[in-house]
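Quick note: full-length UniProt numbering has the sequence shown finishing at residue 162, numbered continuously throughout.
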Amino acid sequence: MTFEEFVAARLPALVRHATVLSGDPHVAEDVVQDVLVKAQPRWTRIRTLDVPESYLRKMIINELVSTRRRVTARLRRERVQLSVDVEDRAEQVVQRAVLVQLIRALPPRQRIVIALRYFEDMADGDIAALMGCSLATVRSQASRALARLRNVATVEPSREAR
């Protein structure tokens, strides 16, 4: 399969993967384009792998982590400040937006683990293989991320009550 054929067939899936991990479709498109630019000259080697798409997914994860490291300081300063004062259906939209903001505020590796586990429905072992880390690392990152999300979810409402 040529590089062009592969991109034509798998681009939507790669962008979806990057969108789930980054939480931002615009960032996802940029990251996928950067990865494809890096992969194209190496395609003769990449296409010989058992699952070339897995290799590109790993490249996407690495690129997202690198990108997020550069903007971590800005993300830490961002605060989620939404006042939920709407009807039921609109409230669900707001809650989803809050959840997305909270997930975006997680450190890159925690965000990736949460996205792969809960949005891509991947098993911890598969996440570990994809991220190139141990199963224990995946589980500790997930635990820390969930604890952080729980903490923020319980702290934010009490601030509004004051």
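C-beta: ideal position from N, C-alpha, C; glycine also.
Since this is a predicted model, take the numbers as computed values, not measurements.
- Scanning N62, L102 and D121 for the CA closest to the CA of M131 turns up N62.
- Around the beta carbon of T48, fewer than 16 other beta carbons lie within 10 angstroms, which makes this residue exposed.
- Rounded to the nearest angstrom, the Cβ distance from L106 to R148 is 6 Å, consistent with a contact under 8 Å.
- Each residue's CA atom was taken as its position, placing A18 and K58 some 10 Å apart.
- The continuous alpha helix (DSSP H) containing A128 extends over residues D124 to M131.
- Apart from sequence neighbours up to five positions away, the residues of its chain that approach D34 with a beta-carbon distance below 7 Å are E63, ordered along the chain.
- Here the segment 122 to 137 makes no contact with the segment 29 to 43; the two share fewer than three CB pairs at distances below 8 Å.
- Ranked by Cα distance from R117, the options S66, L21, M1 and P12 are led by L21.
- With a contact defined as Cβ atoms closer than 8 Å, A145 and V113 qualify at about 6 Å.
- Comparing C-alpha distances from V32 to each of M1, L11 and A128 shows the shortest one belongs to L11.
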